[in-house]
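J.:
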Amino acid sequence: MSVTATARITAVADGRGSTALPVLESEGPLALRRTRSPDPAYTRVTVVGAMSAPLGGDRLAVEVLAGDGARLTVDSAAATVALPGAGPDAVPASYDVRLRVGDEAELLWLPEQIVSAYGSELDLTTRADLAATARLVLREEQVLGRHGERTGRLSTRLTVRRAGRPLLDQQLAYGPGAPGGWDGAAVLGGHRAVGQLLVVDPAFEDGLPAPRLLGPCAALTPLAGPAVLVTALAADARLLRAVLDEALEGLLKETKALQER
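Reading the sequence shown from the start, the letters are residues 15 to 275 in the working numbering.
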């Protein structure tokens with residue numbers, strides 16, 4: 015039996031320099047918990063999986079609103095494993111992430127990896143709508159197959175709009191049924207962990223970082239807007255995270271330097 019569930023988070027500035035959570039609604043396998051933040055400037059919410067999901071046919075969604083002036087981090091307690099549905103007629107699962115970030119608000123969207131287990135089918139869609147002065151750090155990581163197994167079918171789409179205008183819209187597909195050549199030397203080259211890091215910050219209006227390689231399988235690309243996209247491949251999730259963490263640390267230093275000019 016498939017599951018339909020939506021978890022909702024609303025964060026607002028409380029007028030005293032902190033961020034409150036007037037809405038924290040869990041549903042189905044998506045349990046939300048307020049957790050201690052390593053940075054006291056941010057309120058933190060962790061998504062905890064209450065059951066195995068997504069399975070074939072499941073319809074899951076997370077809606078996040080960071081209101082004007084709010085500072086919010088959303089992460090997850092563990093990787094999300096996409097699993098096959100029951101029976102030969104199971105339909106693909108879907109996971110929709112909808113993010114809205116208001117004026118002078120900051121959202122750090124830092125979930126753990128999506129693991130595409132063999133036989134699974136998952137459509138992952140992430141949509142972000144940002145105010146002109148909003149800041150966003152978004153990390154997405156996909157692991158194609160558990161240890162020693164082939165991947166399932168995974169499609170992802172990331173769409174970002176800033177001040178009502180398109181900033182980024184890209185779609186990727188992996189595994190059985192994906193366009194031919196998805197695993198070839200010119201695409202993944204045998205790697206099984208793929209990820210991206212998007213940093214949107216008005217500070218970049220004063221100067222975007224130059225495009226550059228971040229090692230043999232990672233690249234930094236400035237976007238047509240105050241934003242930077244890092245894409246990376248790795249042999250496993252641990253190595254991928256190390257590359258993205260190093261890239262984020264460097265980008266945060268750059269934005270801080272621009273703000274202090």
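Glycine included, every Cβ here is placed at the ideal spot set by N, Cα and C.
How about the segment 198–216 and the segment 142–152: do they share at least three Cβ pairs that are nearer than 8 angstroms?
T.: yes
J.: When DSSP labels each residue in this structure, what does Leu97 get in the three-state scheme?
T.: As a working mapping, residue 97 is identified with position 83 in the sequence shown. Three-state result, Leu97: coil.
J.: Using CA coordinates, which residue listed in Pro236, Tyr132 and Val201 is at the minimum distance from Asp220?
T.: Taking the first residue of the sequence shown as position 1, residue 220 is located at position 206. It is Pro236.
J.: Have a look at Thr20, Ala27 and Pro106 and flag the residue whose alpha-carbon is nearest the alpha-carbon of Gly191.
T.: Reading the sequence shown from its first residue, position 177 is the one you call residue 191. Comparing Cα positions, the closest option is Pro106.
J.: Answer yes if the segment 107–124 comes into contact with the segment 70–89, meaning at least three C-beta pairs across the two stretches below 8 angstroms, and no otherwise.
T.: yes
J.: Given a cut-off of 8 angstroms on the beta-carbon distance, is the pair Gln156 and Leu172 in contact?
T.: Numbered from its first residue, the sequence shown carries residue 156 at position 142. Numbered from its first residue, the sequence shown carries residue 172 at position 158. Taking 8 angstroms as the Cβ cut-off, Gln156 and Leu172 do not qualify as a contacting pair.
J.: Please go through the same chain and pick out, in chain order, the residues whose beta-carbon is closer than 6 angstroms to the beta-carbon of Gln273, but skip the five residues on each side of it.
T.: Reading the sequence shown from its first residue, position 259 is the one you call residue 273. Leaving aside the five residues that flank Gln273 on each side, the residues in its chain whose CB is nearer than 6 angstroms to its CB run, in chain order, Ala217.
J.: So, with DSSP's three-state summary, where would you put Thr33?
T.: In the sequence shown, the residue the question calls residue 33 occupies position 19. Thr33 falls in the strand class under three-state DSSP.
J.: Are the segment 190–204 and the segment 258–267 touching, with three or more C-beta to C-beta distances below 8 angstroms?
T.: No, the segment 190–204 does not touch the segment 258–267.
J.: Determine the closest residue to Ala80 out of Asp28, Pro54 and Leu44, with distance taken between C-alpha atoms.
T.: Here residue 80 corresponds to residue number 66 of the sequence shown, with the count starting at 1. Nearest option by C-alpha distance: Asp28.
J.: Going by C-alpha distance, which of Pro223, Leu186, Tyr188 and Asp250 is nearest Lys267?
T.: Within the sequence shown, numbered from 1, the residue matching residue 267 stands at position 253. When the alpha-carbon of Lys267 is set against those of Pro223, Leu186, Tyr188 and Asp250, the nearest one is in Pro223.
J.: Excluding the 5 residues preceding and the 5 following Glu135 in the sequence, name in chain order all residues of the same chain whose CB lies nearer than 7 angstroms to its CB.
T.: Numbered from its first residue, the sequence shown carries residue 135 at position 121. The residues are Gly70, Pro106, Ala107, Gly166 and Arg167.
J.: Mind checking which residues open and close the alpha helix (DSSP H) that includes Leu202?
T.: As a first step, residue 202 is located in the sequence shown; it is residue number 188 there, counting from the start. Element bounds for Leu202: n/a, residue is neither H nor E.
J.: Identify, in the order they occur along the chain, each residue of the same chain with its Cβ nearer than 8 angstroms to the Cβ of Thr57, setting aside the five sequence neighbours on each side.
T.: As a position in the sequence shown, residue 57 is number 43, starting the count at 1. These residues qualify, in order along the chain: Ala25, Ser32, Thr33, Ala34, Leu35, Arg48, Ser51, Ala84, Arg85, Leu86 and Thr87.
J.: Alpha carbons only, please: which of Ser130, Ala19 and Thr18 is nearest the one belonging to Ser169?
T.: In the sequence shown, counting from the first residue as 1, residue 169 sits at position 155. Measuring from the Cα of Ser169, the nearest candidate turns out to be Ser130.
J.: Within a Cβ cutoff of 6 angstroms, which residues of the same chain sit near Leu227, ignoring the five residues on either side of it in sequence?
T.: The residue given as residue 227 occupies position 213 in the sequence shown. Excluding residues within five positions, the ones whose Cβ falls inside 6 angstroms are Ala233.
J.: Confirm, please, whether the CB-CB distance from Val61 to Ser9 is below 8 angstroms.
T.: The structure shown does not extend to residue 9, since the chain is modelled only from 15 to 275, so the question has no answer here.
J.: Helix, strand or coil for Gln127 per DSSP?
T.: Along the sequence shown, one-based indexing puts residue 127 at 113. Gln127: coil per DSSP, three-state reduction.
J.: Determine whether the beta carbon atoms of Ala145 and Asp117 lie at a separation below 8 angstroms.
T.: For the purposes of this step, residue 145 is taken as the residue at position 131 of the sequence shown. For the purposes of this step, residue 117 is taken as the residue at position 103 of the sequence shown. Cβ atoms of Ala145 and Asp117: closer than 8 angstroms.
J.: For a test of the three-state rule: what should DSSP assign to Thr269, helix, strand or coil?
T.: Locating residue 269 in the sequence shown gives position 255, where the first residue counts as 1. Thr269 falls in the helix class under three-state DSSP.
J.: Figure out for me which residue from Gln210, Ala55, Ile128 and Thr245 has the closest Cα to the Cα of Val30.
T.: Counting from 1 along the sequence shown, the entry for residue 30 is found at position 16. In the sequence on display, residue 30 carries Arg and not Val. Nearest C-alpha to Arg30 among Gln210, Ala55, Ile128 and Thr245: Ala55.
J.: Helix, strand or coil: how does DSSP classify Val257 here?
T.: Taking the first residue of the sequence shown as 1, we reach residue 257 at position 243. Of the three classes helix, strand and coil, the one that applies to Val257 here is helix, per DSSP.
J.: Given this structure, state the Cα-to-Cα distance separating Gly42 from Ala119, to the nearest angstrom.
T.: If you number the sequence shown from 1, residue 42 lands on position 28. If you number the sequence shown from 1, residue 119 lands on position 105. Distance between the alpha carbons of Gly42 and Ala119 is about 29 angstroms.
J.: Could you spell out where the beta strand (DSSP E) holding Pro236 opens and where it closes?
T.: For the purposes of this step, residue 236 is taken as the residue at position 222 of the sequence shown. Ala232 to Pro236 is the span of the beta strand (DSSP E), which, as asked, contains Pro236.
J.: According to the neighbour-count rule (16 or more other Cβ atoms, all chains shown, within 10 Å of its Cβ), is Thr18 buried or exposed?
T.: Position 4 of the sequence shown, counted from the first residue, corresponds to residue 18. By the neighbour-count rule (16 or more Cβ atoms within 10 Å), Thr18 is not buried but exposed.
J.: Here's the rule: buried if 16 or more other CB atoms are within 10 angstroms of the residue's CB, otherwise exposed. What is Pro125?
T.: One-based indexing of the sequence shown puts residue 125 at position 111. Classification of Pro125: buried, given that the 10 Å Cβ count is 16 or more.
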